[in-house]
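Below is one structure; the comments refer to it alone.
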Amino acid sequence: MLRYLTAGESHGEALIGIVEGMPAGVPLTAEVINEQLARRWQGYGRGGRAKIEQDRVHIYSGVRFSKTIGSPIALRIDNAAYHRDRAHWPEVMAVEGTGEGIEKITLPRPGHADLVGAQKYGFDDLRPVIDRASARETAMRVACCTIARQLLRQFGIQIGSHVLRIGQVGYERPEDWQARVEALIAEGAEALARAADRSPVRMLDPELTERAIAHIQETKKQGDSLGGVYEVVVTGVPPGLGSYVHWDRRLDGQLAQAILSIQGQKAVEIGDGIAAASLPGSQVHDPITKENGVFRRRSNHAGGLEGGVTTGMPIIVRGYMKPIPTLIKPLETVDIATGEAQPTRYERSDVTSVPAASVVAEATVAFVIANAFLEKFGGDSLEEIRRRYEAEIGQLSTGLASKLE
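Numbering (my numbering), first residue to last: 7 to 411.
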């Protein structure tokens, strides 16, 4: 099975990633990963870091002649801010030395991991927490998960996303966006991603885009920040991925964990999850039909998952991001060194990063789906997996039908 690790700090020299378990023969180049890294920097409302970093990945191992070779894949993304910033990060984040003369950060910011991290690890300086808990880590996460995305592409599984809301600006009801999304994903979910990428805030509606930009501008003037909602869609997923037999194998639970593992995400919804809680069952559950010997659903309120198992319908997952907790306008805090009440200090930040979060969510969802896919059709090489997939996919869709006839 696939797994990955990321290492590195926000203002350290580089981010490092290792991906293990990728079958041999999957097409992969640095440019494929760099395309997704560039998408992560999208979005109106990003801060100064976006002007510094030009994320480019270097692949050190696990790939030969543009294809994976079955061994661990090692990745590196350099942090441009490490040298280009004026904060003397090579000294502040030095691997060796005593730290003598380096200013200690002692004002924890509400909403960040600053205080709880210092309490957990016994730090008298918040810098180690600030730098590892930072969402800068998601750059390497996108890089690692793009490799899983490449595996899925070989089998027609596509992933896309779009933003539903930023702060007070957004769609009010699913009916307001669903028809547009369904038309786009008829070509595959990557068409949805391309359409969203044309908007500075990754919204499909031009009027909402303009309103969201104005909302971000006004919020910045007030020294505040904004959260929002986005939707990730996966198309081409066969039925039968995941399992209902154990809690940790339920695919909906794994997808929820993947979304909530992203910095700043506070809630997740699959299909009509939130709305369904207040509706009668007759308006929630998807009627089953059989067309040309194949079982299908007339609707997709379940978001492509029933009992923790894929139904063959598009997977729909929505993430809810809180406002960024680093504010220009200070909040109240307490100095961990003196115990005195103080206003928070300002670390460079965005007004909102919901558009970027939607791209990161695409990546984390890809990794979960790829693992479930390998569990079902796995092998050591792409060709071995392809043979199993082609042999079994017909049985997944028609096997039960033939048994019942």
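For each residue, glycine too, the CB sits at the ideal point set by N, CA and C.
Note that the structure is predicted; figures quoted are calculated from it, not measured.
- Going by beta carbons, Thr74 and Ala30 fall inside the 8 Å limit.
- Here the alpha carbon of Gly14 sits roughly 34 Å from the alpha carbon of Gly314.
- Between Met99 and Gly18, the alpha-carbon positions lie close to 6 Å from each other.
- In the assembly as shown, Tyr66 is an exposed residue. Its beta-carbon has fewer than 16 other beta-carbons within 10 Å.
- Here Ala362 is buried: its Cβ has 16 or more other Cβ atoms, across all protein chains shown, within 10 Å.
- Between Val169 and Val207, the beta carbon gap of about 6 Å places them in contact (Cβ cut-off 8 Å).
- Separation of Asn306 and Leu266 (C-alpha to C-alpha, rounded to the nearest whole angstrom) is 23 Å.
- Going by C-alpha positions, Ile280 is about 13 Å away from Gln289.
- In chain order, Leu190 and Leu210 place their CB closer than 7 Å to the CB of Ala201, counting only its own chain and leaving out the 5 sequence neighbours on each side.
- Straight across, the Cα-Cα distance linking Gln156 with Ile321 is about 18 Å.
- The beta carbons of Thr144 and Arg46 sit about 7 Å from each other, so the pair counts as a contact at 8 Å.
- Of all alpha-carbon atoms in Lys226, Arg115 and Ala154, the one lying nearest the alpha-carbon of Met28 is that of Ala154.
- In this structure Ala197 does not touch Thr370 by the C-beta definition: roughly 21 Å separates them, more than the 8 Å allowed.
- Apart from sequence neighbours up to five positions away, the residues of its chain that approach Val38 with a beta-carbon distance below 7 Å are Thr152 and Gln156, ordered along the chain.
- Look at the beta carbons and you see the stretch 331–340 touching the stretch 100–120: at least three pairs across the two are nearer than 8 Å.
- Within the stretch 79–128, the runs of beta strand (DSSP E) that reach at least 3 residues and sit entirely inside it are, in chain order, 79–84.
- Following the DSSP letters along the chain, one finds Phe379 inside the alpha helix (DSSP H) bounded by residues Val360 to Phe383.
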